[in-house]
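Q: Input: one structure, supplied below.
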Amino acid sequence: MEFKDYYKVMGVARDATEAQIKQAYRKLARKYHPDVSKEKNAEAHFKEVGEAYEVLKSPEKRAAYDQLGPGHAAGEDFRPPPDFGAGFEFSGAGAGNASYSDFFDSLFGAQARAGSSDPRGAFRAGRGEDHHAKVLLDLDASLQGGARTFTLRVPEIDAEGRLVSKERVLNVQVPKGILSGQNIRLAGQGARAPGQGARAPDEGTAGDLFIEVEFQPHALYRVDGRDLYLELPVTPWEAALGATVKTPTPTGAVDLKIPAGSHAGSKLRLKGRGIPASPAGDFYVVLEIALPPADDEKSKAAYAAMARALPFNPRAGIGA
Amino acid sequence: MSSSENRPLSGAIFEESTVLTVRELSRMCAVEERHIVEYVEEGVLNVAEVSADEWHFSGSALRRTRLALRLERDLELNLAGVALALQLIEELERLRGELGRSELGTRRPEADSL
């Protein structure tokens with residue numbers, strides 16, 4: 485497996501103080517946190533930083549890691565020495581369900597995390613825990629409804645009590661009209677119930693699986709909540725004189741009436757033709773004026789005739 | 007693989023039909039009920055309605071609570087910090103939406119030759 489240089493990941497010296505490590509972590513976490521960051525690969529970066537901090541903030545883990553010596557280069561092939569960690573006692577890492585690298589797991593053991601308790605006080609119940617996952621969904625799945633296959637990484641406690649991440653392929657009927665940020669709740673698809681004894685009323689019940697969806701960018705439509713926006717190119721004469729043009733909508737092409745005197749950015753609303761949520765969203769067509777190219781004699785003559793016929797100064801408003 | 011595994015699983019849109027109690031929200035997010043109460047006291051979460059002396063949240067509270075928990079844990083924020091971060095994230099989302107709307111129809115030609 486690859487050696488991880490946690491000091492390098494955090495951008496701190498090997499003799500950095502606890503305060504310096506904490507400071508470095510907070511700065512990097514704010515930069516790469518998937519909920520607030522627009523950086524590329526924010527999630528991967530954030531995981532790496534979280535793992536490094538998990539080791540360096542704990543005096544025992546850091547001391548054990550330091551024993552490996554400074555002679556290793558990041559990325560080099562690495563096997564932990566057989567006596568690694570001897571004489572250290574690792575307390576629970578409290579890392580939630582984060583999945584760490586093989587390097588981390590080989591040094592500190594996945595067990596250290598599986599049994600750990602969250603400082604906020606983890607919730608224990610007779611029934612299995614609810615699981616949460618996030619998926620990218622094509623907009624058409626919400627517009628039409630339909631089955632989609634998702635591959636999820638699900639943390640599980642294996643027979644030896646270790647936390648392992650398993651791949652799980654689920655075929656899910658996507659409810660029509662689901663919006664970005666909403667969850668599909670799959671009853672009983674979360675964690676299995678702990679223990680076999682059925683004492684509490686809900687003991688022995690499996691938890692639920694919540695799948696939060698986020699839309700992939702769509703080729704035609706832009707999504708805003710439950711509303712959809714389409715940019716529709718029209719000619720100058722269609723905008724000026726009015727016209728009826730074919731327009732795609734989620735429920736099929738329609739003949740759209742462009743009112744005379746429309747301009748670039750004019751917004752036409754088709755009520756209830758957005759995402760079929762309850763209530764349904766609206767479909768907005770935003771006009772864009774497309775100019776015909778003046779690339780032959782005929783078109784040049786047409787533009788020239790228009791210039792002679794129309795005493796139009798588009799810059800009148802800016803005093804030019 | 008049996009044929010039943012090929013049949014798609016179906017579930018409802020959670021946010022649409024759900025009213026959550028403190029207990030349910032705490033179970034779904036795997037935190038203590040006390041923590042949910044603290045979120046309400048700090049303004050991180052809003053109570054949708056009170057009935058029979060019990061707080062009820064809308065389904066969207068699930069996503070918000072999970073986001074708040076991630077911010078609190080990963081960025082080591084206190085509750086006031088979480089409340090502020092959530093407010094700013096919402097403001098940012100609103101502005102991004104507005105920006106998207108105002109950019110429509112004013113897109114410049116792609117091959118802009120000078």
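Residue numbers (the working numbering), protein chains in the order written: chain A, 485 to 804; chain B, 7 to 120.
Even glycine gets a Cβ: it sits at the ideal position worked out from N, Cα and C.
No experiment lies behind these values; they were computed from the predicted model shown.
Between K492(A), A617(A), L670(A) and V738(A), which has its C-alpha nearest S649(A)'s C-alpha?
A: Indexing the first sequence from 1 puts residue 649(A) at position 165. If we check each option's Cα against that of S649(A), A617(A) comes out closest.
Q: For W61(B), which residues does DSSP report across the bridge?
A: Taking the second sequence and counting its residues from 1, one reaches residue 61(B) at position 55. Beta-bridge pairing links W61(B) to V56(B).
Q: Check the Cβ-Cβ distances between R107(B) and every residue of chain A, and say whether any is below 8 angstroms.
A: Locating residue 107(B) in the second sequence gives position 101, counting from the first residue. Any Cβ of chain A closer than 8 angstroms to the Cβ of R107(B) would place that residue at the interface, and such an atom is present.
Q: Thinking just about the alpha-carbon of each residue, which of G709(A), L704(A), E722(A) and W721(A) is nearest to the one in E715(A)?
A: The residue given as residue 715(A) occupies position 231 in the first sequence. Considering only alpha carbons, the answer is L704(A).
Q: Cα separation between H529(A) and E535(A)?
A: Translated into the one-based positions of the first sequence, residue 529(A) becomes position 45. Translated into the one-based positions of the first sequence, residue 535(A) becomes position 51. Roughly 10 angstroms between the two C-alpha positions.
Q: Is there a C-beta anywhere in chain A that falls below 8 angstroms from the one on S16(B)?
A: Translated into the one-based positions of the second sequence, residue 16(B) becomes position 10. For S16(B), the answer is yes, since a Cβ of chain A falls inside 8 angstroms of its Cβ.
Q: Got a sec: is the Cβ-Cβ distance from I42(B) to anything in chain A below 8 angstroms?
A: Taking the second sequence and counting its residues from 1, the one referred to as residue 42(B) is at position 36. Closer than 8 angstroms: no.
Q: Show which residues of chain A have a CB atom less than 8 angstroms away from the CB atom of F20(B).
A: The residue given as residue 20(B) occupies position 14 in the second sequence. Per Cβ cutoff of 8 angstroms: Q666, N667, I668, R669 and F694.
Q: Taking beta-carbon pairs under 8 angstroms, can you tell me which members of the region 783 to 801 of chain A lie near chain B?
A: none
Q: List, in chain order, every chain B residue whose beta-carbon is nearer than 7 angstroms to that of I662(A).
A: If you number the first sequence from 1, residue 662(A) lands on position 178. Those within 7 angstroms of I662(A) in chain B are I19.
Q: Just to check my reading of the structure: A67(B) and L31(B) have Cβ atoms closer than 8 angstroms, yes? What is that Cβ distance to the nearest angstrom?
A: In the second sequence, counting from the first residue as 1, residue 67(B) sits at position 61. In the second sequence, counting from the first residue as 1, residue 31(B) sits at position 25. The pair is a contact, with the Cβ atoms about 6 angstroms apart (cut-off 8 angstroms).
Q: Should L81(B) and R514(A) be called a contact, given that it needs their Cβ atoms to be closer than 8 angstroms?
A: Within the second sequence, residue 81(B) is the residue found at index 75, counting from 1. Within the first sequence, residue 514(A) is the residue found at index 30, counting from 1. A contact, by the Cβ cut-off of 8 angstroms.
Q: Run through chain B and tell me which residues come within less than 8 angstroms of H529(A), C-beta to C-beta.
A: The count along the first sequence starts at 1 and reaches residue 529(A) at position 45. Here the premise fails: no neighbours, minimum Cβ distance about 12 angstroms.
Q: Any idea if W61(B) is buried or exposed, counting beta-carbon neighbours within 10 angstroms, 16 or more meaning buried?
A: For the purposes of this step, residue 61(B) is taken as the residue at position 55 of the second sequence. Buried, since its Cβ has 16 or more Cβ neighbours within 10 Å.
Q: What would DSSP say about Q628(A), mapped onto helix, strand or coil?
A: The residue given as residue 628(A) occupies position 144 in the first sequence. Residue state for Q628(A) is assigned as helix, using DSSP reduced to three classes.
Q: Identify, in the order they occur along the chain, each residue of the same chain with its Cβ nearer than 8 angstroms to the Cβ of G612(A), setting aside the five sequence neighbours on each side.
A: Here residue 612(A) corresponds to residue number 128 of the first sequence, with the count starting at 1. Cβ neighbours of G612(A) within its own chain (closer than 8 angstroms, five residues either side excluded): G674, A675, R676, A677, P678, T689, A690 and G691.
Q: Kindly indicate which three-state DSSP category K541(A) falls into: helix, strand or coil?
A: Stepping through the first sequence from its first residue, residue 541(A) is reached at position 57. Residue state, collapsed to three classes: coil.
Q: Which class does A18(B) belong to by DSSP, given the choice of helix, strand or coil?
A: In the second sequence, residue 18(B) corresponds to position 12, counting from 1. Of the three classes helix, strand and coil, the one that applies to A18(B) here is strand, per DSSP.
Q: According to DSSP, is R668(A) helix, strand or coil?
A: Walking along the first sequence from the start, residue 668(A) turns up at place 184. One point to set straight first is that residue 668(A) is Ile, not Arg, in the sequence displayed. I668(A) falls in the strand class under three-state DSSP.
Q: Going straight from the alpha carbon of A36(B) to that of V729(A), what length do you get?
A: Your numbering for residue 36(B) matches position 30 in the second sequence. Your numbering for residue 729(A) matches position 245 in the first sequence. Distance between the alpha carbons of A36(B) and V729(A) is about 53 angstroms.
Q: Against chain A, with Cβ distances strictly below 8 angstroms, would D59(B) count as a contact?
A: For this step, residue 59(B) is matched to residue 53 along the second sequence. So, not an interface residue.
Q: Based on the DSSP secondary-structure assignment, which residues constitute the bridge partners of S783(A)?
A: Taking the first sequence and counting its residues from 1, one reaches residue 783(A) at position 299. Beta-bridge pairing links S783(A) to no other residue.
Q: Could you please give the first and the last residue of the uninterrupted alpha helix (DSSP H) stretch that includes V43(B)?
A: Against the second sequence, residue 43(B) aligns to sequence position 37. V43(B) -> alpha helix (DSSP H) spans E39 to E48.
Q: Under DSSP, the alpha helix (DSSP H) around D80(B) begins and ends at which residues?
A: Here residue 80(B) refers to the residue found at position 74 of the second sequence. First-last of the alpha helix (DSSP H) with D80(B): A67 to D80.
Q: Can you check which of these residues, E527(A), E502(A), P564(A) and L627(A), is closest to T735(A) by C-alpha distance?
A: The residue labelled residue 735(A) in the question sits at position 251 within the first sequence. Per the Cα distances, L627(A).
Q: At 7 angstroms on the CB atoms, spell out the chain A contacts of E82(B), in chain order.
A: Within the second sequence, the letter at position 76 stands for residue 82(B). Those are R510, listed as they occur along chain A.
Q: Reducing DSSP to helix, strand and coil, say where R676(A) ends up.
A: Residue numbering aside, residue 676(A) sits at position 192 when the first sequence is read from its first letter. Residue state, collapsed to three classes: coil.
Q: Per DSSP, F530(A) is paired with what?
A: For the purposes of this step, residue 530(A) is taken as the residue at position 46 of the first sequence. According to DSSP, residue pairing for F530(A) in a beta bridge does not occur.
Q: What did DSSP end up calling I426(A) once you bin it into helix, strand or coil?
A: This structure gives no information on residue 426(A), because the portion of chain A shown stretches from 485 to 804.
Q: For L754(A), report the span of its beta strand (DSSP E) as first-last.
A: Along the first sequence, one-based indexing puts residue 754(A) at 270. Here the beta strand (DSSP E) through L754(A) covers K751 to L754.
Q: Taking the beta carbon of A16(B) as the centre, do at least 16 other beta carbons fall within 10 Å, making it buried, or is it exposed?
A: Position 10 of the second sequence, counting from 1, holds the residue named residue 16(B). A quick correction: the sequence has Ser, not Ala, at residue 16(B). Exposed: under 16 other Cβ atoms inside 10 Å.
Q: Ignore the nearest five residues each way along the sequence and tell me which others in L754(A)'s own chain have a CB closer than 6 angstroms to its CB.
A: One-based indexing of the first sequence puts residue 754(A) at position 270. Result list for L754(A): F767, in chain order.
Q: For E38(B), tell me which candidate among A18(B), E99(B) and R72(B) has the shortest Cα-Cα distance.
A: Position 32 of the second sequence, counted from the start, is the residue given in the question as residue 38(B). Per the Cα distances, R72(B).
Q: Using CA atoms only, rank isn't needed, just tell me which of V653(A), F694(A), I662(A) and R652(A) is closest to A671(A).
A: Within the first sequence, residue 671(A) is the residue found at index 187, counting from 1. It is F694(A) whose Cα lies nearest to the Cα of A671(A).
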